[in-house]
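Numbering (the working numbering), first residue to last: 61 to 456. For glycine and all other residues, C-beta sits at the position ideal for the given N, C-alpha and C. The structure presented is a predicted model; accordingly, all values stated were derived computationally and were not measured.
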Ligand code: RFL
Ligand code: PHB
């Protein structure tokens, strides 16, 4: 079957779904093709912190109602080190805050909006191929329920994540990768336990990094630094809790509440940028083009910022016949991407212990945290990056 549309979107993660919704609201047609099942995509546990601008974009996309009801506004964050817990007050320093709302909830809301729009979204597509993007007739081929389909489109949006097919379809000479791997991973859990702090706690200890976060008034989300090759069965629940206590507990007696662990996973860490983000009629967005280590909570927010730019550029093209924003897409996005890379790298190196680190490095990290939490200038810099750099002004 041949399907005709304006924009073919590969991938139904936050980037692809949000792009589809923003285009729909402006009357631009799209077809979304996703290789996983609907249940898998909705249940995939990942990010949780939405920047101010991401929340605004969800509203603009008409999917802000549940986020408003259930999202948890966080006006600051704690940094724990050397037995102390110091607060950075985002609201006071920048007038902005972040919102804790699970990525899977974002995805659930966007899938509902997609269904309501009546525009097509194919789950469990196989053999997805991205073709002809350097010609005037790009296509996406895929198999679905044993039938072969071809989408004939004007543009392709490659929103298929780090391991997707879009970036892999580029000829090697057409792009460049900037990359860094880390000898670190995060073990993440979800537990049925009431959060014992109203705000996140990022902690550096001699035993490594730990992070206290949450999903709801009844669910705590916790992470601890581990080695990338560690098997999950080396971490029975009791060991996880003991390790979290010894890394997170502060001299004032604060520590996380315990409860039944109902989800566990280990994720490696990398920094990655593919340049440029546009190849003819193929536009990469989100994790397909870049990955950041999760310490700065930037991955999902960058994906949202990319599709905000891309949706604006498609609108300028379809509604005003203007190609200038499409031409500027890669450079516009990369400026923000590199700033987020810088911030994520800085947060990661300030808060984790690498195998090659010495006692000197640890004392240096403690001094950095001590400086950060006592200098209004340093706190303001951290707060403006964490809550999200403004869109206006980034290109000034
Ligand atoms: P996704 O979410 O990976 O979605 C890509 C979609 O494409 C599909 N796909 C294909 N579809 C068709 N054909 C193919 N050949 C395909 N190959 C793949 C996939 O099944 C998938 O549905 O990318 P997207 O949309 O760019 O979104 C990016 C975010 O998911 C990611 O950056 C964040 O999760 C990163 N991240 C965080 N970001 C934040 O902003 N704040 C956080 O607090 C935060 N915490 C995290 C994180 C990521 C984590 N992990 C697990 C990597 C915490 C963790 C632990
Ligand atoms: C989360 O709640 O999943 C979370 C919070 C902050 C991060 C990363 C993940 O930096």
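Residues near residue i by beta carbon distance below 8 angstroms, same chain, minus five either side
{"i": "residue 88", "result": "66, 67, 374, 375 and 378"}
{"i": "residue 456", "result": "At residue 456, the pLDDT of 39 sits below 50, so the modelled position is not reliable and the matter cannot be decided from this model."}
{"i": "residue 63", "result": "91, 180, 209, 210, 211 and 212"}
{"i": "residue 372", "result": "385"}
Contact set for residue i: own chain, Cβ-Cβ below 7 angstroms, skip 5 residues either direction
{"i": "residue 442", "result": "148 and 432"}
{"i": "residue 382", "result": "376"}
Minimum C-alpha distance to residue i - residue among the options
{"i": "residue 226", "options": "241, 312 and 340", "result": "340"}
{"i": "residue 245", "options": "211, 288, 253 and 237", "result": "288"}
{"i": "residue 132", "options": "355, 229 and 276", "result": "276"}
{"i": "residue 319", "options": "298, 353, 260 and 334", "result": "298"}
{"i": "residue 267", "options": "331, 367 and 300", "result": "300"}
{"i": "residue 286", "options": "429, 309, 146 and 415", "result": "415"}
{"i": "residue 424", "options": "265, 102, 365 and 395", "result": "265"}
{"i": "residue 201", "options": "109, 166 and 229", "result": "229"}
{"i": "residue 240", "options": "303, 146, 313 and 351", "result": "351"}
{"i": "residue 358", "options": "216, 397 and 279", "result": "397"}
{"i": "residue 103", "options": "128, 250 and 84", "result": "250"}
{"i": "residue 248", "options": "295, 206 and 143", "result": "295"}
{"i": "residue 192", "options": "371, 342, 176 and 386", "result": "342"}
{"i": "residue 117", "options": "269, 75, 94 and 142", "result": "75"}
{"i": "residue 197", "options": "214, 206 and 73", "result": "214"}
{"i": "residue 315", "options": "435, 140 and 365", "result": "140"}
{"i": "residue 257", "options": "232, 77, 207 and 312", "result": "312"}
{"i": "residue 330", "options": "324, 322, 347 and 395", "result": "347"}
Rounded Cβ spacing between residue i and residue j (contact assumed at less than 8 angstroms)
{"i": "residue 345", "j": "residue 218", "result": "7 angstroms"}
{"i": "residue 389", "j": "residue 338", "result": "5 angstroms"}
{"i": "residue 134", "j": "residue 157", "result": "6 angstroms"}
{"i": "residue 445", "j": "residue 405", "result": "Not a contact, Cβ separation roughly 12 angstroms."}
{"i": "residue 171", "j": "residue 98", "result": "7 angstroms"}
{"i": "residue 408", "j": "residue 327", "result": "Actually they do not touch by this definition, with Cβ atoms about 13 angstroms apart."}
{"i": "residue 273", "j": "residue 260", "result": "5 angstroms"}
{"i": "residue 81", "j": "residue 174", "result": "7 angstroms"}
{"i": "residue 238", "j": "residue 353", "result": "Between residue 353 and residue 238 the Cβ distance is about 14 angstroms, and since that is not below 8 angstroms, they are no contact."}
{"i": "residue 94", "j": "residue 121", "result": "That pair is no contact at about 18 angstroms."}
{"i": "residue 254", "j": "residue 317", "result": "6 angstroms"}
{"i": "residue 126", "j": "residue 187", "result": "Wrong, their Cβ atoms sit about 35 angstroms apart, outside the cutoff."}
Nonlocal neighbours in the same chain, by C-beta distance under 6 angstroms from residue i, ignoring five residues either side
{"i": "residue 113", "result": "448"}
{"i": "residue 204", "result": "182 and 185"}
{"i": "residue 42", "result": "Because the chain spans 61 through 456 in this model, residue 42 falls outside it and cannot be assessed."}
{"i": "residue 335", "result": "236"}
{"i": "residue 163", "result": "106, 107 and 360"}
{"i": "residue 177", "result": "84"}
{"i": "residue 86", "result": "375"}
{"i": "residue 161", "result": "110, 127 and 131"}
Subject >> Any residue whose CB is nearer than 5 angstroms to a heavy atom belonging to ligand 2, listed in chain order >> reply: 108, 109, 273, 281, 354 and 357
**OP:** Write down every uninterrupted run of the beta strand (DSSP E) in the stretch 141-205 whose length is 3 residues or greater and which is fully enclosed by it, in chain order.
**Re:** 144-149, 158-160, 186-191 and 199-204
Subject >> Start-end ranges of the beta strand (DSSP E) lying completely within the stretch 218-298, minimum 3 residues >> reply: 236-252, 261-265, 268-276 and 279-286
Subject >> Contained alpha helix (DSSP H) runs [length at least 4] in the stretch 421-454, N- to C-terminal order >> reply: 436-447
Subject >> Unbroken stretches of the alpha helix (DSSP H), 4 residues or longer, contained in the stretch 71-150 >> reply: 74-85, 98-103, 112-120 and 125-130
Subject >> Uninterrupted alpha helix (DSSP H) stretches inside the stretch 316-382 (no shorter than 4 residues) >> reply: 359-380
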